[in-house]
Amino acid sequence: MSFGNMPIANRFVTEHEFEGEYFFELAPAFCAECGTLQLVEQPDPAEMFHDQYAFFSRTSASMQVHFAGYADWVMQHYLGQEPFVVELGSNDGIMLENFARAGVRHLGVEPSENVAKVAREYGVNTLCSFFTPDAATAIRGEHGAANAIIAANVMCHIPDLNAIGEAADILLKPDGVLIFEDPYLGSMIEKNSYDQLYDEHVYIFSLRSVQSIFGRQGFEVVDVLEQGTHGGSMRYVLARAGSRACSDTVGRLRAQESRLGLDNPATYDRFRENCESNRAALVSLLRELKTTGARIVGYAATSKSTTVLNYCGIDSSLIEYISDTTPIKQGRYTPGTHIPVRPHADFVEYYPDYAVLFAWNHAKEIMSKETAYADAGGKWITFVPKVEIKQA
Ligand code: TMP
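Numbering (the working numbering), first residue to last: 506 to 897.
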């Protein structure tokens, strides 16, 4: 299936960058043999992760709480003697700072220098690099083998997972674990949240696909834990085959995936049809509201919003601007559709009639802090799982 030409989701542009923006075809494909849903065309990683990378994990209070919990859980279950933890794609250090505070030896491996710099300011040891077998060898030489390699919303960004398996095998202790969590295919299908698909998400994993990808590298999934983050995620715990006991949760999730039809190609045809009807409903609602003279803005210029805006062809004729709290995005324009991104203060100063909630995965946090907007009569437009107007 194809969602058409897409720009890089996190590359917010200035006016003089409108010409010459990088586009690629966003076309996910399902492999019935190994159960993997992945993008056919994978943009060059250097186009996505660079010194202008606009995604800072610290922007959400609920994610700070989530990462503190993730770190505690790793410390409780997976750290033995003289622990050493490595995080892939450690961003601004939001998770590793919990290990740093607890005095646990740690290293973040983060390819975008601007976010790595912020992590160091928080006392998080960070190496600016992609995680490759060579990097793993160098890290092991300098710091020793790791008890745990952890990641959150990173593994699905990495095209060459064989190299990750190889690098993990180099770096981990014999009973070491590779733990990662990412948006879950089952949730995307259930919620029709097609905006999980964008350049950085090369894969939307299921248990079955993780088993087949990392199984080839000698790893097996020994535990799975469902997460509410990013609109529905799954945490996978992998260890070298036979090195650790396997939890019952793994068999249960495999059975549930079959019941959901995740193994069946027809599920993905239905998903495509649902995306098309969701697009038609959103565009017609915005057009209809516009004809009544309503002011519509967007709330949160998320990476996911790039897919929705470009797939639906929504530009500034329908959405006046998008309010976002990340300074690097403010004053710039959304990739491909060129809607201005403005500070949250502009939203508060002159409330619109409607706000399209692009950060729908943070709906609870946002609606509870925007009660003044609701009190002023402001309404929310959501599109996951279906298009509707909500008065908080
Ligand atoms: P994401 O985690 O869903 O990708 O969303 C991150 C973006 O959303 C980031 O640019 C900050 C923005 N955001 C706001 O502007 N206000 C908020 O209240 C939240 C939670 C996020």
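Yeah, the Cβ is synthetic: ideal placement off N, Cα and C, and Gly gets one too.
What you are looking at is a predicted structure, and each value in this text was computed from that prediction instead of being measured.
- If you look at I801, you'll find it in the beta strand (DSSP E) that goes I801 to Y804.
- Annotation for G613: the continuous beta strand (DSSP E) segment containing it runs R610 to V614.
- For Q543, the enclosing beta strand (DSSP E) stretches over residues T541 to L544.
- Under the 8 Å Cβ criterion, the region 634-651 does not count as touching the region 563-579, having fewer than three qualifying pairs.
- Membership of R764 in the alpha helix (DSSP H) is indicated by the continuous run D753 to L765.
- M506 is bridged by DSSP to nothing; it lacks a bridge partner.
- Pairwise C-beta distances place the region 654-673 in contact with the region 701-710, as three or more of them are shorter than 8 Å.
- Taking the Cβ of A864 as the reference point, at least one heavy atom of ligand 1 falls within a distance shorter than 6 Å.
- Of the candidates V729, A673, T807 and C780, T807 places its Cα closest to the Cα of W865.
- R792 has its alpha-carbon roughly 59 Å from the corresponding atom of G649.
- In this structure A653 touches V682 by the C-beta definition: roughly 5 Å separates them, less than 8 Å.
- Taking non-hydrogen atoms of ligand 1 into account, the C-beta of D768 is found less than 6 Å away from none of them.
- Contact between A744 and D680 holds: CB atoms are separated by about 7 Å, below the 8 Å threshold.
- Between the C-alpha atoms of D639 and R759 there is a straight-line separation of about 34 Å.
- For K795, the uninterrupted alpha helix (DSSP H) segment begins and ends at P770 to T796.
- Cβ-Cβ separation between K795 and F863: approximately 18 Å, too far for a contact (criterion under 8 Å).
- When distances are taken from the beta-carbon of A805 to the heavy atoms of ligand 1, the shortest one is below 6 Å.
- For the 7 Å CB-CB criterion, R713 and G540 form a contact.
- Secondary structure note for G681: its beta strand (DSSP E) is the uninterrupted segment L677 to P688.
- For M739, the enclosing beta strand (DSSP E) stretches over residues S738 to R745.
- Within the same chain, and ignoring the five residues on either side of V802 in sequence, the residues whose Cβ sits closer than 7 Å to its Cβ are I824, E825, Y826, I827, S828, F852, P857 and A860.
- Listed in chain order, the non-local C-beta contacts of A514 below 6 Å within the same chain comprise Y703, D704, S808 and T811, local neighbours out to five positions each way being set aside.
- Annotated as proximal: T631 and E615, with beta-carbon spacing under 7 Å.
- F517 is positioned such that its CB atom lies no closer than 7 Å to that of R847.
- Take V813, set aside five residues on each side of it, and the residues of its chain with a beta-carbon closer than 6 Å to its own are D700, in chain order.
- For F589, the uninterrupted beta strand (DSSP E) segment begins and ends at F589 to L593.
- Here the distance from the Cβ of T811 to the nearest heavy atom of ligand 1 is not below 6 Å.
- For S808, the shortest separation between its Cβ and any heavy atom of ligand 1 lies below 6 Å.
- If you look at Q569, you'll find it isn't in any beta strand (DSSP E); it sits in the alpha helix (DSSP H) that goes A566 to Y583.
- Between the region 771-790 and the region 606-625 there are fewer than three inter-stretch CB-CB distances shorter than 8 Å, so the stretches are not counted as touching.
- The beta carbon of R645 lies closer than 7 Å to those of I675 and L676 in the same chain, with the five residues before and after it left out.
- With contacts defined as CB atoms closer than 7 Å, F529 and P548 qualify as a contacting pair.
- In this chain, the alpha helix (DSSP H) harbouring V853 covers H849 to E854.
- The beta-carbon separation of V726 and V715, rounded to 6 Å, stays under the 8 Å limit for a contact.
- When the beta-carbon positions are compared, L730 and L542 stay at least 7 Å from each other.
- Under the DSSP definition of a beta bridge, I709 partners with L542.
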